[in-house]
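Heads up: the sequence shown begins at 7 in this note's numbering, then just goes up one per residue. Glycine included, C-beta positions come from ideal geometry on N, C-alpha and C. Treat the numbers as computed from the prediction; the structure is a model and nothing was measured.
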Amino acid sequence: PPPGMLLDSLQESSVPVWAIGKIGEIFLGRGICHTSKTRNNADGMEKTMAALHELPEGLIFTNLVDFDQLYGHRNDSEGYARALEAVDEWLPGLRVSCQDEDLVIFTADHGCDPTTPSTDHSREYVPLLAWGPNAAVGRALGTRETLSDIGQTVAENFGVHIANGKSFLEEIVA
């Protein structure tokens, strides 16, 4: 990971970061105070809920591994659809577990379209869904220039500085 990334800034400001899934590996443990590996999406969702109840303040950074490893890279569009449905079923429980000040952001770090002939990462836009109990409803965030916009939004939410990206926090906080 490059120097000056979001997780470094959070650590310098004593904001705890819990990594769930393969996040700890992706960031080589930098800026992370707690790591919890997962077996699959269901385990990731369960550990995310447990962290939400255990961590009073901080960043819970979860990677749901099945979308990439089991379905996207294996061109299994039906499995991908079932995995999306499982997340949809999980969301109401996540929603009621959130506190007023919580912010939830769903995205992906790359495309991985299971309907293409290739098993490599694909170049379509990734989803960006942001919500929380105090978030505005139905705000379109448009096409973002960079994934760094998400990092900048998280940085602003925690009151830390990073160099890249344009925060959309003002656009989503009611």
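{"query": "So, for T159: in the same chain, excluding its five sequence neighbours on each side, which residues have a beta-carbon less than 6 Å away from its beta-carbon?", "result": "S173, F174, L175"}
{"query": "Using only CA atoms, which one of G64, R80, L65 lies nearest to V71?", "result": "R80"}
{"query": "Taking 7 Å as the cut-off, is the C-beta of G99 nearer than that to any heavy atom in the ligand FMN?", "result": "Within the structure as shown, the ligand FMN is missing, as the structure has no ligands at all."}
{"query": "What's the call for S15, buried or exposed, on a 16-neighbour Cβ count within 10 Å?", "result": "buried"}
{"query": "Short of 8 Å in beta carbon distance, which residues of its chain neighbour H167, apart from the five on each side in sequence? Order them along the chain.", "result": "S15, A161"}
{"query": "Nearest to A141 by CA position, among I178, G10, K43, V102, is which residue?", "result": "I178"}
{"query": "Quick check on DSSP: helix, strand or coil for F164?", "result": "helix"}
{"query": "Determine the burial state of A136: buried for a count of at least 16 other Cβ atoms within 10 Å of its Cβ, exposed for fewer.", "result": "buried"}
{"query": "Could you give the distance in angstroms between the alpha-carbon of A56 and the alpha-carbon of L12?", "result": "23 Å"}
{"query": "Under three-state DSSP, which class holds S124?", "result": "coil"}
{"query": "For A56, report the span of its alpha helix (DSSP H) as first-last.", "result": "47-60"}
{"query": "In chain order, what are the residue ranges of uninterrupted beta strand (DSSP E) at least 3 long that sit wholly in the region 65-120?", "result": "65-68, 110-113"}
{"query": "Return the Cβ separation of T121 and S83 in integer angstroms, given the expectation that the two are a contact with Cβ distance under 8 Å.", "result": "5 Å"}
{"query": "Leaving aside the five residues before and after L147 along the sequence, list all residues of the same chain whose C-beta is less than 8 Å from its C-beta, in chain order.", "result": "L134, A136, F174, E177, I178"}
{"query": "Spell out the partners DSSP gives I26 in its beta bridges.", "result": "S42, T68"}
{"query": "Using 8 Å as the threshold, is the C-beta distance between A92 and A48 below it?", "result": "yes"}
{"query": "Hey, would you say P139 sits closer than 8 Å to D106, going by beta carbons?", "result": "yes"}
{"query": "Would you identify the three-state DSSP class for L135, choosing helix, strand or coil?", "result": "strand"}
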